[in-house]
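Numbering (numbering that gives the first Met the number 0), first residue to last: 0 to 696. For glycine and all other residues, C-beta sits at the position ideal for the given N, C-alpha and C. Fair warning: this is a prediction, and the values are worked out from it, not measured in the lab.
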Amino acid sequence: MLTKKMFLVRNGVSFGDFKVDSTFVKDSYTIMAWTNYMKNFEFTAPFLQNIEIIGVAEQSESKNKGGITVLVYPEGQQIVANTFNNVGFKIFNQTLPPIKTNEIELITGKGERIQSNIQTNQLGQGRFGFFANSTETYFLKLQHPNGLRTTKELEVKLHHGVGISIDNTAKDVVVLNSKRSKSILNNEKFSMAIYNHVNGNYVYRYELDGDSRPISVNRNQIPGGINTAVILDETMKPISQRIFFNRQNLKERVGSVDVSYCLNKAQDSLQIDMILPQGHQMANLSLSVLPAESNAYFPDNSIASSFLIQPYLHKRIEGRYFFDDNKRSRDYQMDTRLLMEGTEMFDQYIRAGNAKNSTYKHEEDIAFNGKILDADLENEKQVSLFSQALGTVNFFELSTNKNFEGSLPLFEGDSIMISVLNHKGKLRKPKAELYFYDNNADTFDYTKWLSKADRFKSGVSQLRVNESFDLTDGIISLDEVVVSERAKETTKFQITPEIEMRLIDKATVNRYPSLINYIRKLGFQTRLNRKIGGIGVYVPDPPYLAPVPVLIEGLPVDSGQLMSMPLSMVKSMVYNRYVAPHQGPFISLSLRSDYDGLYGRNRFTSITVPKGFSRAQAYFAPNYPDYDSLLYQKYGAIWWESQFEINSDVPYSITVPLNEQREVKIIIEGMSSNGFLYYTEQICSPFETNHSSNQQE
0 MLTKKMFLVR NGVSFGDFKV DSTFVKDSYT IMAWTNYMKN FEFTAPFLQN
50 IEIIGVAEQS ESKNKGGITV LVYPEGQQIV ANTFNNVGFK IFNQTLPPIK
100 TNEIELITGK GERIQSNIQT NQLGQGRFGF FANSTETYFL KLQHPNGLRT
150 TKELEVKLHH GVGISIDNTA KDVVVLNSKR SKSILNNEKF SMAIYNHVNG
200 NYVYRYELDG DSRPISVNRN QIPGGINTAV ILDETMKPIS QRIFFNRQNL
250 KERVGSVDVS YCLNKAQDSL QIDMILPQGH QMANLSLSVL PAESNAYFPD
300 NSIASSFLIQ PYLHKRIEGR YFFDDNKRSR DYQMDTRLLM EGTEMFDQYI
350 RAGNAKNSTY KHEEDIAFNG KILDADLENE KQVSLFSQAL GTVNFFELST
400 NKNFEGSLPL FEGDSIMISV LNHKGKLRKP KAELYFYDNN ADTFDYTKWL
450 SKADRFKSGV SQLRVNESFD LTDGIISLDE VVVSERAKET TKFQITPEIE
500 MRLIDKATVN RYPSLINYIR KLGFQTRLNR KIGGIGVYVP DPPYLAPVPV
550 LIEGLPVDSG QLMSMPLSMV KSMVYNRYVA PHQGPFISLS LRSDYDGLYG
600 RNRFTSITVP KGFSRAQAYF APNYPDYDSL LYQKYGAIWW ESQFEINSDV
650 PYSITVPLNE QREVKIIIEG MSSNGFLYYT EQICSPFETN HSSNQQE
C-alpha cells in the first residue's frame, strides 16, 4: 500500500483523487476501494481498478514465448456423462490480448468432428454444447494468431450424477432442466429451485423425478438481476448450481441520460446539456469528455456491472462489455460468462436451504465517544454536536456517567462544535472531551482477501495502441508534472491591482489557527476595543489608522465574533489593504458553513477532527504540450466533472473547451438516491451541418 484515503459516500457515489508524483516509479498500479462492512465477508470482492503510468518504465522488448491456454467451465460445475452438456471456455495468451476467433472445432479422440465454427468474443470467451459419451475423449482444435493450428484436450472428468442446465435465451421465460447420467436411480430424491440473493430465499422450488421435463418460468415471476438455479438433494444440500441474470427489470434499473450539445459563438467550446428522462428522480453523475478516438477510458468494471453483477460472483466480471448496448447477442454472451461461474459464492449464502443472516451492524460515518466533565445531570440530558463543514445539528443523550457516543460524517481537519442543553433547551459552553475511533488500526489480511477475490489480469487494462510510436516522445516527466500541478494549484488570485482573493486550504489552517492571526500576516492591524467587547481591524492611513469593514457573505461581522473566529471556518477571502479614492479597504469572507450563526460561538466548545473523511480535491487538467499529438488523441482528457446533480425538470449545462477537437466522446455514469443506475456514452460532432446552426448567441 502506497497511500490511503477515506472518502465519504453519498447515494452510492464517491469521488476524490490521488496525486501521481515522482514517488510513482513503476508503470502499473491498482486502486482498491472497499468499506469496512465488506471485510466481514471475505467472499465480497473489493473494487479494483488497474491504472497504467505512461512513459515511466522501460518498454519491454521481449517477445511472447508462451502458448495458448484454454480454460473450461462446464455448466453446473461438471460435465455429466451420457447426457447433453453446455460448456463455457476461455482462450487467452498470457502476454497478449484475449483471442477472438470463429474457427474452433470440437472433435473426439478418434478425430470425429462434433461441432465446428465455435466462436469466441473479444474477451476470449466462448460456448459449445455436446452429448458427452463416457467412452470418448474430447478436444478443442483451434488456430493460433500466427496461423498454426493446435489441439487442446478437455481435461474434465465426466461426472456420473445430476447437474443443472438453464436456457436463458428466450424473451419471456427462463427454462430450467436437470441433466442426469444413467447411473442415478429414479428413486433418489432431488429438487430444483431458483434462489434470489437480494431477497435471501427461494423464489420457486420443484420436486424432480426420473421423468422430469424442462420447466418454464415466466420472467416476471423471477426477481430482476442475479439469481441462482440449483439442484438440491433430500438434505437440501446444493449439488449443482448455475448463476443467471434475469433481464426483467433491467430497463428499470439502468437508464440513459438525454444529451444535447451546441457550439459557443467563438466555436472553440462545446456546451453540453444533460437531463434525465421525464419522471426520473434526481441523480448524482460524473462526466468525462475525451477525444473521440481515445483509448483512455477502459475500466474493468462499470457502475452497472459493479452494482448488478459483481457482488454475487467469485470471479471478476470483465467490465462494462455486457452493458454497452441492448443487443440480444450481449445478453447471450453475459449468460455464457455467468455459466462459467463457480460454486463458492452460493455456498457462502446458504446453509441447509436458509439464507445466512448478517449479525454485523452497517458502518455509519465517523464514530466517536466523549464526556461532559461539568455536566449537571439533574438539568442537562442532551449534547448538541455539529461539524462546521456540514452545519447539521445532531443531538446525543448523556448517560448517568456524563458520557455520550455517536457518529457523524466528519472531514479530516474539520472542527466539531459541542454544547449541552438544559431541560429548557438553553445551550451553554461545556468542558468536554471527545475521542475518535482509530481508523488506522487496520489489521485485516488484505493478501488473503485479494486471493479470494481472484484479481483480474493486468492485460485487461493494458494500453491499446494501433499506431507505432514511442510513448516517451513528448511526455512530461513526473517531476515536471508535480511542479506544474503545484503552480496551477495556487491559493492566491489577483483580481485587480489592489484587490486579491485567497483560498483557505488545509496547510493555511494548520499554520494560522485563527482569522485574526491570518489577516495580521496579510498586513492588517488589529486593536482591542473594550467598549464594544471585540476586535477592530485597521490599515495605515497616515497620520491615522483607517478602519476596515469585515463582511461575511455580504453582511457586517460582529466584532466579538471576529475575535473568536477560527480560520478553519473560512472558505475564501477577498480583501483590499489600500486606502484609495474610489475603493476603500475591506475584507469579505465566504464561509464553509453558517453552522454557528444560529446560537453564537460562545455557547460551544470546538474540537478539531484529527482523522476523518478526505475532502474531494479539485481536478487540475494536465498541461498537454500539443493537442494534435497522438499521445493526446489516444490518452488525453479534455474535461472531467467529478460530481453533479441533474433532474428531469431543468437541463444541467456545462461548457468545455474543444482543444482543437472536431469530435469528442462523452461518458456519463452515476446513480439516483433509490439505486437507479445511469450509463451513457455518446460521440458529439458539433461541426456537422445539423449542429452548426445551433450555436449560442
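query	result
If you run the structure through DSSP and keep just helix, strand and coil, what is P565?	strand
DSSP three-state call for N514: helix, strand or coil?	Strictly speaking, residue 514 in this sequence is Leu, with Asn absent from that position. Residue state, collapsed to three classes: helix.
Since I believe L590 is in contact with E640 (beta carbons under 8 Å), could you give me their beta-carbon distance rounded to a whole number of angstroms?	25 Å between Cβ atoms; not a contact.
Per the DSSP calculation, W638 is bridged to which residue(s)?	V288
For V697 and A366, what's the separation of their Cα atoms in angstroms?	What the structure shows of the chain is the stretch from 0 to 696, and residue 697 is not part of that stretch, so it cannot be assessed.
Take the Cβ of H698 as the centre, count every other Cβ of all protein chains shown within 10 Å, and call the residue buried at 16 or more, exposed below.	Since the first residue of the chain shown is 0 and the last is 696, residue 698 is not available in this structure.
Does the structure place the segment 272-285 close enough to the segment 666-685 that three or more beta carbon pairs sit under 8 Å?	yes
Quick check: the Cα distance between D704 and L502, rounded to an integer number of angstroms?	Outside the modelled stretch of the chain, which goes from 0 to 696, sits residue 704, for which no answer is possible.
According to DSSP, is T335 helix, strand or coil?	helix
Do V69 and G160 come within 8 Å of each other at the CB atom, strictly closer than that value?	no
Going along the chain, which residues of its own chain have a beta-carbon closer than 7 Å to the beta-carbon of Q277, five neighbours each way excluded?	S647
Thinking C-beta only, is Q77 closer than 8 Å to S239?	yes
Count the other CB atoms within 10 Å of the CB of V24; is the residue buried (16 or more) or exposed (fewer)?	exposed
Take the Cβ of D711 as the centre, count every other Cβ of all protein chains shown within 10 Å, and call the residue buried at 16 or more, exposed below.	With the chain covering only 0 through 696, there is no way to say anything about residue 711.
Assuming G535 and N528 form a contact by the criterion Cβ under 8 Å, report the distance between their Cβ atoms to the nearest whole angstrom.	5 Å
Would you list the one or two residues that DSSP bridges to E362?	E362 is not bridged to any residue.
Nearest by alpha-carbon distance to L157: which of L231, I645, N167 and S133 is it?	S133
Quick one: measure Cβ to Cβ for F385 and M416, integer angstroms, because I've assumed they're closer than 8 Å.	6 Å
Per the DSSP calculation, F492 is bridged to which residue(s)?	M500
What residues are listed by DSSP as bridge partners for F129?	N84
With DSSP as the reference, identify every bridge partner of T227, one or two as the case may be.	Y194 and I242
Alpha carbons only, please: which of L588, P222, F675 and N245 is nearest the one belonging to K570?	L588
In three-state terms, what does DSSP make of P548?	coil
Determine the contact status of R126 and V71, defining contact as a CB-CB distance below 8 Å.	no
In three-state terms, what does DSSP make of I221?	coil
On the DSSP letters alone, give me the boundaries of the alpha helix (DSSP H) that I98 sits inside.	Per DSSP, I98 belongs to no alpha helix (DSSP H) and is neither H nor E.
Would DSSP call P310 helix, strand or coil?	helix
If we ignore side chains and look at the alpha-carbon of each, how far apart do T234 and E187 end up?	12 Å
Along the beta strand (DSSP E) that carries K236, what are the first and last residues, could you check?	Segment: none, K236 is in no beta strand (DSSP E) and carries neither H nor E.
Return helix, strand or coil for Y445, following the three-state DSSP convention.	helix
Based on the DSSP secondary-structure assignment, which residues constitute the bridge partners of Q142?	R148
Select from Y651, L47 and T654 the residue whose C-alpha is nearest the C-alpha of Q309.	L47
What number of angstroms, rounded off, separates the C-alpha of F17 from the C-alpha of E662?	29 Å
Indicate the three-state DSSP secondary structure (helix, strand or coil) for K178 in the structure shown.	strand
Taking Cβ positions, are Q681 and S567 nearer each other than 8 Å?	no
In whole angstroms, what separates the C-alpha of S215 from that of V172?	6 Å
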